[in-house]
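Just so it is clear: in the sequence shown, position 33 is 32 by numbering that gives the first Met the number 0, and no numbers are missing. We put the CB at the ideal spot given by N, CA and C, even for glycine. Just so it is clear, the structure is predicted and the values come from calculations on it, not from any experiment.
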Amino acid sequence: MKNNIILIVNPISGDVDKSELIDAATVFAEKENLNLVIYNTSGISDSDNIKVLYNTYTPQRIIVAGGDGTIKMVAEAMEAHDVIIGILPAGSANGLAVDLNLPSTIEENLEIAFHNDYMEIDMISINGKKSIHLSDLGVNAEMIKNYENSSIRGKWGYALQTVSTLIDLEDPFIATITGDFPTIECEARMIVIANSQKYGTGVSINPNGVMDDGKFELVILKNMDLVVLGKIITGNMPIDVNDVEIISTDQAFVTTNIPVSFQIDGEYCGKETKLNIEILPKQLKVAVPNPISATV
């Protein structure tokens, strides 16, 4: 009897045709004598449908062809089950894949997603919503909102929205941050809640990020020059330690003086004035290249 593998495909992520990827996964599964069950997300009841699929096929692995938002949705649907998630990067920004050092070819990623070892990574709860990778308040979230409302997808769409967002940028906000550290009150352009290090652009926003250490980082980008800010969020310039403050903790509470745009794992969530944040240790098993897999 063949073992089952479920492949979750987000057909619209990254504005990329997934047919080549699906064909390659199908051929790979046949070669490995596996039964591949393919599910295309629609944005309607996907989480419930994936739970039904899991209960029907009880796979050891679920493979996700999409971006960070799709991975997060599958992880939340599978939170009650012991299943390894494999990643075939296929989003507009594949930040988690970048942080996991996943390779660039379909063939290599198929091998890892279907067969490789895994690491157990933390997740972050923010106002009861879960984040796997990077969430933030401020200019990047505003850019994501504008991107979601535009018709141009992919990296070119991100670049266009970065420019227009910076041109229309409002005054910085004032944030108060409390936790098991001295209270911080400061002006900020952006506060990143980071479980890992890099955005999908490759920029390292959080050099201290480790995804299985039971901690997250708050990366506070203060009232900096807009040109510098633009270069940072497009991945064309590393952050200067003088422009940021980084706090490593397992819980924190953030309040702002005005409602500020907020995003989780690349998906805009509206404006917020309060964020209650805590770490959720070792929530998710993710297939990784062997050298990274220190935690199994």
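Inter-residue spacing [alpha-carbon to alpha-carbon] between residue i and residue j
{"i": "residue 143", "j": "residue 8", "result": "22 Å"}
{"i": "residue 285", "j": "residue 84", "result": "5 Å"}
{"i": "residue 3", "j": "residue 34", "result": "5 Å"}
{"i": "residue 98", "j": "residue 22", "result": "26 Å"}
{"i": "residue 133", "j": "residue 32", "result": "36 Å"}
{"i": "residue 206", "j": "residue 196", "result": "6 Å"}
{"i": "residue 79", "j": "residue 40", "result": "20 Å"}
{"i": "residue 49", "j": "residue 76", "result": "7 Å"}
{"i": "residue 343", "j": "residue 140", "result": "Only positions 0 to 295 of the chain appear in this structure, which leaves residue 343 out of reach."}
{"i": "residue 182", "j": "residue 137", "result": "20 Å"}
{"i": "residue 246", "j": "residue 135", "result": "14 Å"}
{"i": "residue 102", "j": "residue 108", "result": "6 Å"}
Residue i - partner residues in DSSP beta bridges
{"i": "residue 135", "result": "191 and 262"}
{"i": "residue 129", "result": "124"}
{"i": "residue 250", "result": "277"}
{"i": "residue 203", "result": "197"}
{"i": "residue 218", "result": "191 and 245"}
{"i": "residue 271", "result": "259"}
{"i": "residue 21", "result": "DSSP, once it has assigned bridges, lists no residue as partnering residue 21."}
{"i": "residue 184", "result": "175"}
{"i": "residue 85", "result": "62"}
{"i": "residue 283", "result": "120"}
Per-residue DSSP class, three states only, for residue i
{"i": "residue 121", "result": "strand"}
{"i": "residue 3", "result": "strand"}
{"i": "residue 288", "result": "coil"}
{"i": "residue 174", "result": "strand"}
{"i": "residue 103", "result": "coil"}
{"i": "residue 8", "result": "strand"}
{"i": "residue 43", "result": "coil"}
{"i": "residue 94", "result": "helix"}
{"i": "residue 57", "result": "coil"}
{"i": "residue 34", "result": "strand"}
{"i": "residue 72", "result": "helix"}
{"i": "residue 79", "result": "coil"}
{"i": "residue 67", "result": "helix"}
{"i": "residue 210", "result": "coil"}
{"i": "residue 169", "result": "coil"}
{"i": "residue 295", "result": "Residue confidence is low: residue 295 scores 35 on pLDDT, short of 50, so the model does not pin down where it sits. No coordinate-derived value is stated."}
{"i": "residue 16", "result": "coil"}
{"i": "residue 115", "result": "coil"}
Classification of residue i by the beta-carbon crowding that lies within 10 angstroms, buried from 16 upward
{"i": "residue 302", "result": "With the chain running from 0 to 295 in the structure shown, residue 302 is simply not present."}
{"i": "residue 67", "result": "buried"}
{"i": "residue 59", "result": "exposed"}
{"i": "residue 51", "result": "exposed"}
{"i": "residue 88", "result": "buried"}
{"i": "residue 54", "result": "exposed"}
{"i": "residue 72", "result": "buried"}
{"i": "residue 43", "result": "exposed"}
{"i": "residue 293", "result": "Here residue 293 scores only 42 on pLDDT, less than 50, and its place in the model should not be relied on; the value that follows carries that caveat. That one is exposed."}
{"i": "residue 30", "result": "exposed"}
{"i": "residue 1", "result": "exposed"}
Assess, as a yes-or-no matter, whether the segment 167-180 is touched by the segment 249-264 under the definition of 3 or more beta carbon pairs within less than 8 Å. Touching, yes.
Counting Cβ pairs, one atom from each stretch, are 3 or more of them under 8 Å apart for the segment 102-122 and the segment 270-284? Judged by Cβ distances under 8 Å, the segment 102-122 makes contact with the segment 270-284, as three or more pairs qualify.
Check whether the segment 267-276 touches the segment 241-255, counting contact only when three or more Cβ pairs, one atom from each stretch, lie closer than 8 Å. The segment 267-276 is in contact with the segment 241-255.
Under 8 Å, with one C-beta from each stretch per pair, do the segment 205-218 and the segment 172-191 reach the 3-pair mark? Yes, the segment 205-218 touches the segment 172-191.
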